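In this note's numbering, the protein residues as written are 2 to 203.
Positions of the beta carbon are idealized from the N, C-alpha and C atoms, including for glycine.
In this text the structure is predicted, and so the values were computed from the model without any measurement.
Below is one structure, written out as structure tokens; comments come after it.
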């Protein structure tokens, strides 16, 4: 795998022509968006994050809407950062965050589409899974969103396209991933098998 150049500072610089208009979910067909349960999405989020940490050289992208929500998961992300070559965390900068190696924090403006999205993507040689959802009510970031519309996928074409579009919005090349299809299939089967037990724990 070719290493991806890291953004030098904890907070990446963005311009109005990049993340300001980017959306993970807007190019996707609405008929794909059948997932609406916050409970299921929370279980999926934890599951995707865990598998990003379990598998080798897996990149992780996570939107939190607000940094204060990420702050509650800081110790968890400390552990993940030891295994992931790069993690992107996106949200409204309502808190000052301590730095972590391999973690790049991207502050969002309240008017940007990403502020209304719940996205967790793990992509690597043996793992390819994503949760992509948006707040149908588009509440302000200070209020909890209750009505998300989304789906989760292990379709490598969808994940790779959305990851490439995200890195393009940052003005960076996407990481080069040599995917092991056999190992990725087994990871997908393990995810699907584990999800019901995770749902019982939420």
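Q. Are residue 20 and residue 113 close, meaning C-beta to C-beta below 8 Å?
A. yes
Q. Looking only at its own chain, which residues have a Cβ that is under 8 Å from the Cβ of residue 79, when we skip the five neighbours before and after it?
A. 101
Q: Please go through the same chain and pick out, in chain order, the residues whose beta-carbon is closer than 8 Å to the beta-carbon of residue 3, but skip the five residues on each side of it.
A: With a pLDDT of 29 at residue 3, under the threshold of 50, the predicted position of this residue should be treated as unreliable, and no value is reported.
Q. Counting Cβ pairs, one atom from each stretch, are 3 or more of them under 8 Å apart for the segment 122 to 133 and the segment 59 to 70?
A. yes
(Q) Restricting to Cα atoms, I'd like to know which of 160, 186, 165 and 130 is closest to residue 54. (A) 130
**Q.** residue 107 (DSSP reduced to helix, strand or coil)
**A.** strand
Q. Ends of the beta strand (DSSP E) at residue 64?
A. 60 to 67
Q. Is DSSP giving residue 118 helix, strand or coil here?
A. Here residue 118 sits in strand by DSSP.
Q. Which residues bound the beta strand (DSSP E) around residue 23?
A. From DSSP, residue 23 is part of no beta strand (DSSP E); its letter is neither H nor E.
(Q) Can you look up residue 70 in the DSSP assignment and give me helix, strand or coil? (A) helix
Q. Which residues mark the beginning and the end of the beta strand (DSSP E) in which residue 151 is found?
A. 149 to 154
Q. For residue 95, does the three-state DSSP call read helix, strand or coil?
A. coil
Q. Hey, residue 150 and residue 134: beta-carbon distance below 8 Å or not?
A. In this structure, residue 134 lies closer than 8 Å to residue 150 by Cβ.
(Q) I'd like to know whether the C-beta atoms of residue 36 and residue 72 end up nearer to each other than 8 Å. (A) Taking 8 Å as the cut-off, the Cβ atoms of residue 36 and residue 72 do not count as close.
Q. Under three-state DSSP, which class holds residue 54?
A. helix
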